[in-house]
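One structure below.
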Amino acid sequence: MTDQTPPTRRARKETPEPAAAPIDPRRPWMVPAGERPEIADDDPERLPTAQLEMAAFGDHLIPYVPPAPAPPRSLAPWALAVAILALAAALITGWLLPLGVIGTILAAISLRRPHDGRRVAVWALCLSLLAVVFSAGWLIWGFSQLAVR
1 MTDQTPPTRR ARKETPEPAA APIDPRRPWM VPAGERPEIA DDDPERLPTA
51 QLEMAAFGDH LIPYVPPAPA PPRSLAPWAL AVAILALAAA LITGWLLPLG
101 VIGTILAAIS LRRPHDGRRV AVWALCLSLL AVVFSAGWLI WGFSQLAVR
């Protein structure tokens, strides 16, 4: 009784494979386990834990590239929030004029920054300027009423 040596990889590659049965496109899960199209591998008998035939150095390695830094946070939403508060306060009283000025400054800074939302910053600027006009109108009217007495 003699033991046959197992065939080499080259011998296994050169032997023709039996024709596979056609796969029913309506039921692809009904394919027998031996005939399932697996990941393309040059050796179907090789265990998944076998040693890779690739060196751990050379041109195939991807060099490390650090991730891009996150852009700074946008000022436009804050400018819009301050502008809305300033406009709401300007409809009632004129004493919160500095809030409208702060909203205008934040919106102007936000317009100068390239990564901030331009539409939001323009809305914030318009609402802040409207709040400043309303507050100034309230203050002018209020001081004119004081001079009457």
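Reminder that position 129 of the sequence shown reads as 129 in full-length UniProt numbering, one-by-one numbering, no gaps.
For glycine and all other residues, C-beta sits at the position ideal for the given N, C-alpha and C.
Where the alpha helix (DSSP H) containing residue i begins and where it ends
i, result
"PRO77", "76–90"
"PRO98", "97–112"
Inter-residue CB distance, residue i and residue j (contact presumed, cutoff 8 Å)
i, j, result
"ALA124", "LEU80", "4 Å"
"ALA86", "ALA131", "4 Å"
Short Cβ contact (9 Å threshold) for residue i with residue j
i, j, result
"SER74", "SER128", "no"
"GLY117", "ALA76", "yes"
"HIS115", "PRO67", "no"
"GLY94", "LEU139", "yes"
"ALA107", "ALA83", "yes"
Candidates the options, of which the one nearest residue i by Cα
i, options, result
"PHE134", "ALA88, ALA107, ASP3, PRO69", "ALA88"
"ILE92", "ASP3, ALA136, SER144", "ALA136"
"GLY100", "CYS126, GLN145, GLU45, TYR64", "CYS126"
"TRP78", "ALA90, VAL65, PRO63, ILE105", "ILE105"
Where residue i sits in the DSSP three-state scheme
i, result
"ILE39", "With a pLDDT of 46 at ILE39, under the threshold of 50, the predicted position of this residue should be treated as unreliable, and no value is reported."
"GLN145", "helix"
"SER135", "helix"
"ALA121", "helix"
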